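Right under this line is the structure:
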């Protein structure tokens, strides 16, 4: 088998990170009727975590091998 | 201002612009300067994922479920993280095989099976119909709402007007014509559509701009920012639940997870996503940037969904469908320009989806459903007519048929569901491709039979648990809600929405669980139990090990055909002129002057098949080439060759293993040798320091006594005599020591002179005993000898042996008690040699000292309190002398019971 290499390992870790961020029980922590800066905390969390994932993905993919 | 003609002309102007972009991109492509060959356009074209569902439906979903619309976009983001490992592989495979569609890809993996290709096509077409109906519904609804401006009126239910008066019908017809004009202008061997991709990328910008515009307008113009909207919502108890939509029960999370998984499948296996991500891909490096740009696009287009949804719920009392908030909110404020922009944005989202989806589906219908059947008809096989126009006609017909079927689905079931729910039915259908494609990419053992079984089972469960209930809810099919509530034949366990009593889940989660169990279970089970044919195995290896291949394709067509028959065949599908052009290009590449010189070898056959695969799909291309080419059967010789190659590889790896083992052994030997060298070096150092120490002791004595004599000239005679005697004794000891060190060094270095000859050991013993008899007498120790009359002679150096015996005897007398001491020398033949024992009745040697006494400078006893009476080298030298002649010297002793020093020398005559 071909080894996945450094970038492959990083991507696999990112995938697992995403699976944890967007799943029970982390979601349950934010599933409360609280607002932060006027925005529902669950909604704010979703977009913040999503953006974090995208930024990390960009770093991994745009870095030179 | 928003009269019917304004809306229609704006729409046509927009469509015209799309055509202009597509035309320009096609021109550039023909000129070899592609506009789509960059990662940004590739990323934007992937955004064809965002359809009317995203544009209108997400707000509707958010209005009832809060963040429940997000898994549809977070799932794809998660999947895209793995694209560098998965989609890059699919692109590589698709390019090598000239794959034209999703069905073609799956068929190629499972042994170029026409049956699999057909099955995938059927599932895709039926599965996508709800999705197409969603777009029709969205366009016609938004059009009708806009027409009623300034009133806000929900459109009439579908089916309440005749087909001829139904906007959706005309939308479907219009989209069919539009797609035909776009996608089937020419028959391209690579089945790539540069113009279409450019137009789709443009549409992605338009829908994003339109949605962001309405989002900003609602959030910051109609309300004072998101804080204002959510603050007001918090005061309304009916809206407060949207902020924390997951209930206390775990069911909400199960639904969330399944929607995520479903969307992960959809982003790869929706026919249009496969088309833009894999087939239309120009360079696999573009995937790198698209992997973060496309998720960023999805994030941006979803940013304002919840504010718009909550804003709409706050603004409208009720009776306004939340699916229309994007359009009705600007209309309610009288912002006509924005309303028109939103309509155009929605049109962008819907048309983009319909164009790419129907092109992808029509290619599949043509290449994987119709052509395999058509090519079986004798008429088409025999006549040498040009089939390229037939191909185009099939595709055009397929486009119209698909859109009409989408329209009828809309009529039948479109009203019973919200936009998102309609789309999810389609997602669940294409998710059935997930196991066979992902499995096929990484698992060589997956078989054709397994794929057939898995796909069929998954599709049947989908039909039963999702499609039938959708029809039943609309009252169609003659059996209504009774069928849903009580199950067929009133069998409760078979209720489509609570199969086998599985209740408490939403419909999609329920269907996904059962269809995946059936699909994956049969796919894996049948694959594991069954066997692959040779052709299947070849394709499986080609897919799984695609990165290991260097040439155009790993598995070769093993057959021959005449070049002219191949050219004629290609001409029938691509036109004779294009075929001639391809063949002469091929001939030029080979350095041949004309096509006539081409030989119909297996390479040419393969080349022709690849060209044909680009037009009619791999399965059909295989079948067509088989009509003119003679494929050599896989003979026993070739099987043996393959086996032989395999066994050679195995033998080679065994040899490698052996060599590695040898290398390891050599390394450990070297290590041991090195350790020994270090030990010897240490011993040499020890030896030198010991020798120096031993030399200094007598020297110190000599010097001390000499100084006394020198400093005291008036010392009395007796005293002087005694001191001089000590000086002489110490000098003798010094001389002895130096002689022995030199002797030992000579023996050890191999430079000693040996006067070797045959000798009788008895003479040596007698000489030695005579020589030491004064010593024995002076100490009062008796000595006896016991020797047989005749012993075999040995080969040795007489002087050296005498030296050994003298040493042993002087040692014996040294340790015997004075007066009662008794030493016995015994000589006897022993096996193949002669043995000499020297026995004394001294104090004996403890076992731990027995090995030590043969080492250099080791003397038994406390050297600090007792004056050493020997050099400590005697026994060491003896052992070396005996060893030199092939003999052995050892001691047997126990404390208090005397010692026996023995040596044995071999006899040449005995051996």
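Chains as they are written, first to last, in the UniProt record's numbering: chain A, 1 to 65; chain B, 1 to 911. We treat Cβ as the ideally placed atom computed from N, Cα and C, and that holds for glycine. It should be emphasised that the depicted structure is a prediction, and the values quoted were computed from it without experimental measurement.
Kindly say whether residue 296 of chain B, judged by its beta-carbon, lies nearer than 7 Å to any beta-carbon of chain A.
-> Among the CB atoms of chain A, one or more fall inside 7 Å of the CB of residue 296 of chain B.
What's the C-alpha gap between residue 330 of chain B and residue 351 of chain B?
-> Roughly 22 Å between the two C-alpha positions.
Residues in its own chain within less than 6 Å of residue 812 of chain B by CB, not counting five upstream and five downstream?
-> Excluding positions up to five away in sequence, the list reads 823, 838 and 840.
To the nearest whole angstrom, what separates the beta carbons of residue 75 of chain B and residue 260 of chain B, a pair I think is in contact under 8 Å?
-> Yes, they are in contact, since the Cβ atoms of residue 75 of chain B and residue 260 of chain B sit about 4 Å apart, within 8 Å.
Identity of the residue in B:264, B:59, B:388 and B:882 nearest residue 77 of chain B by Cα = Here the closest residue by C-alpha is B:264.
Given that a residue counts as buried once 16 or more other Cβ atoms are within 10 Å of its Cβ, and exposed if not, what is residue 4 of chain B?
-> Per the 10 Å Cβ criterion, exposed.
Got a sec: is the Cβ-Cβ distance from residue 38 of chain A to anything in chain B below 7 Å?
-> Taking Cβ atoms only, chain B reaches closer than 7 Å to residue 38 of chain A, which makes this a yes.
Is residue 556 of chain B buried or exposed, if buried means 16 or more other CB atoms sit within 10 Å of its CB?
-> Caution applies to residue 556 of chain B, whose pLDDT of 48 falls short of 50 and renders its modelled position unreliable; the model cannot decide the point.
For residue 52 of chain A and chain B, any beta-carbon pair shorter than 7 Å?
-> So no, residue 52 of chain A is outside the interface.
Where residue 105 of chain B meets chain A, residues with beta-carbon distance less than 7 Å = Ordered by position in chain A, no residue passes the 7 Å Cβ test against residue 105 of chain B, which lies about 21 Å from the chain.
Cβ-based contacts, 9 Å cut-off: residues of the region 65 to 87 of chain B near chain A | So the list reads 66, 67, 70, 71, 73, 74, 75, 77, 78, 79, 80, 81, 82, 83, 84 and 85, given in the order they occur along the chain.
Would you mind working out which of B:749, B:424 and B:296 sits nearest residue 127 of chain B, comparing C-alpha positions?
-> Ranked by Cα distance from residue 127 of chain B, the first of B:749, B:424 and B:296 is B:424.
C-beta neighbour in chain A for residue 89 of chain B, strict 7 Å | Judged by the 7 Å Cβ criterion, residue 89 of chain B is not in contact with chain A.
Kindly list the residues whose CB is nearer than 7 Å to the CB of residue 116 of chain B, restricted to its own chain and excluding five residues on each side of it in sequence; keep chain order.
-> Hits under 7 Å: 106, 107, 110, 448, 451 and 452.
Interface residues of chain B facing residue 27 of chain A [CB-CB closer than 8 Å] = The contacting residues are 246, 253 and 256.
Locate the beta strand (DSSP E) running through residue 899 of chain B, then write down its first and last residues.
-> Per DSSP, residue 899 of chain B belongs to the beta strand (DSSP E) from 899 to 906.
For residue 58 of chain A and chain B, any beta-carbon pair shorter than 7 Å?
-> Yes, contact with chain B.
Using the C-alpha atoms, what's the distance from residue 198 of chain B back to residue 9 of chain B?
-> C-alpha separation (whole angstroms): 23 Å.
Quick one: Cα of residue 690 of chain B to Cα of residue 698 of chain B, how far?
-> So the two alpha carbons sit approximately 13 Å from each other.
Taking 7 Å as the CB-CB cut-off, is residue 176 of chain B touching chain A?
-> Interface residue (Cβ-Cβ distance to chain A less than 7 Å): residue 176 of chain B is not classified as such.
Residue environment, residue 137 of chain B, which counts as buried when at least 16 other CB atoms sit within 10 Å = Buried: at least 16 other Cβ atoms inside 10 Å.
If we call anything under 7 Å between Cβ atoms a contact, is residue 39 of chain A one with residue 292 of chain B?
-> Going by C-beta atoms, residue 39 of chain A is not nearer than 7 Å to residue 292 of chain B.
Residues that residue 890 of chain B bridges to, as DSSP identifies them | Listed as beta-bridge partners of residue 890 of chain B by DSSP are B:902.
Between residue 341 of chain B and residue 210 of chain B, is the Cβ-Cβ spacing less than 7 Å?
-> Cβ atoms of residue 341 of chain B and residue 210 of chain B: closer than 7 Å.
Looking at residue 103 of chain B and residue 368 of chain B, is the spacing between their C-beta atoms short of 7 Å?
-> Yes.
Where residue 782 of chain B sits in the DSSP three-state scheme | In this structure, residue 782 of chain B counts as strand in the three-state DSSP scheme.
Nonlocal neighbours in the same chain, by C-beta distance under 7 Å from residue 21 of chain B, ignoring five residues either side | Same-chain partners within the cutoff: 198, 199 and 202.
If you check the beta carbons only, do residue 48 of chain B and residue 365 of chain B fall under 7 Å apart?
-> By the CB criterion at 7 Å, residue 48 of chain B and residue 365 of chain B fall outside the cutoff.
Sheet register partners of residue 580 of chain B (DSSP bridge) = In DSSP, residue 580 of chain B forms no bridge with anything.
Compare the C-beta of residue 14 of chain A with all C-beta atoms of chain B and state if any pair is closer than 7 Å.
-> Yes, its Cβ sits closer than 7 Å to a Cβ of chain B.
In chain A, what lies closer than 7 Å to residue 292 of chain B by C-beta?
-> Taking a Cβ-Cβ cut-off of 7 Å, the neighbours of residue 292 of chain B in chain A comprise 54, 57, 58 and 61, given in sequence order.
Have a look at residue 553 of chain B and residue 96 of chain B and give me their C-alpha separation to the nearest angstrom.
-> With a pLDDT of 43 at residue 553 of chain B, under the threshold of 50, the modelled position of that residue is not reliable, and the figure given next carries that caveat. For residue 553 of chain B and residue 96 of chain B, the distance between alpha carbons rounds to 6 Å.
Per DSSP, what kind of secondary structure is residue 592 of chain B in: helix, strand or coil?
-> Note: residue 592 of chain B maps to coil in three-state DSSP.
For residue 527 of chain B versus residue 445 of chain B, is the C-beta spacing smaller than 7 Å?
-> Contact flag set, yes.
Are residue 312 of chain B and residue 325 of chain B closer than 7 Å when you measure CB to CB?
-> Yes; because the gap between Cβ atoms is below 7 Å, this pair is in contact.
So who's on the other strand from residue 107 of chain A, going by DSSP bridges?
-> Nothing about residue 107 of chain A can be read from this structure; chain A reaches only from 1 to 65.
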